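Residues 178 to 274 in this note's numbering are what the sequence shown lists, from first letter to last. Ideal placement from N, C-alpha and C gives every residue a C-beta, glycine not left out. Keep in mind it's a predicted model, so treat the numbers as computed, not measured.
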Amino acid sequence: MSLPKLSELIEYVRQTLCGRDHLDPAQTPFFGAPIYRGTRITGVVYHVEGPRLLQTSALWTADENRILFYDSTGQRFHETRLLESPDIREALPRYAA
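Shown next, in the form of structure tokens:
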């Protein structure tokens with residue numbers, strides 16, 4: 178799959194996470210936080226929060242060009258290999274403190 182823009186990657190992740198539990202993406206809280214290895218950002222973890230403490234997550238690992246999706250029990254339910262992805266540095270301004 179090719180997701181060259183950060184906005185496309187985020188939308189794909191949001192739709193996939195919400196679709197897993199039949200949640201409305203427009204009404205579901207969606208969060209993202211960078212993952213660092215030392216001082217270098219290497220990925221972003223995303224999650225949605227649904228009713229009854231439901232929380233599904235996705236991990237975008239830029240070094241491996243893939244997105245791993247996990248359900249609320251921690252079980253991996255999907256993996257997307259990226260042929261093209263945004264430069265991880267594009268995510269920095271979005272998650273800067």
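Straight-line Cα distance separating residue j from residue i
i	j	result
Gln128	Pro202	A query on residue 128 cannot be resolved here, the shown segment of the chain reaching from 178 to 274 and no further.
His199	Ala235	16 Å
Ile265	Pro228	31 Å
Ala179	Leu230	The question names Ala, yet the displayed sequence has Ser at residue 179. Ser179 and Leu230: Cα-Cα distance of roughly 32 Å.
Cys195	Asn242	22 Å
Ser249	Val222	14 Å
Thr233	Ser184	19 Å
Bounding residues of the alpha helix (DSSP H) (the contiguous stretch that carries residue i)
i	result
Gly196	183-197
Sequence-distant residues of its chain with Cβ nearer than 6 Å to residue i (five each side left out)
i	result
Ile244	Ala235, Trp237, Thr257
Arg197	Thr233
N-terminal and C-terminal residue of the beta strand (DSSP E) that residue i is part of
i	result
Pro206	Taken as a continuous stretch (DSSP letters only), Pro206 belongs to no beta strand (DSSP E), as it is neither H nor E.
Leu236	232-238
Cβ shell of residue i (< 7 Å), same chain only, five flanking positions each side left out
i	result
Tyr189	Leu180
Ala239	Thr219, Gly220, Ser262, Ile265
Ala268	Leu183, Pro211, Ile218, Val221
Neighbourhood of residue i by C-beta distance below 8 Å, restricted to the same chain and skipping five residues each side
i	result
Arg253	Leu245, Phe246, Tyr247
Pro206	Val225, Glu226
Ala274	At Ala274 the pLDDT is 47, less than 50, meaning the model places this residue with poor confidence; the figure from the coordinates comes in the next sentence. No residues qualify anywhere along the chain.
Does the count of Cβ pairs from the region 202-222 and the region 251-258 closer than 8 Å reach three?
-> In short, these stretches do not touch, since the Cβ pair count stays below three.
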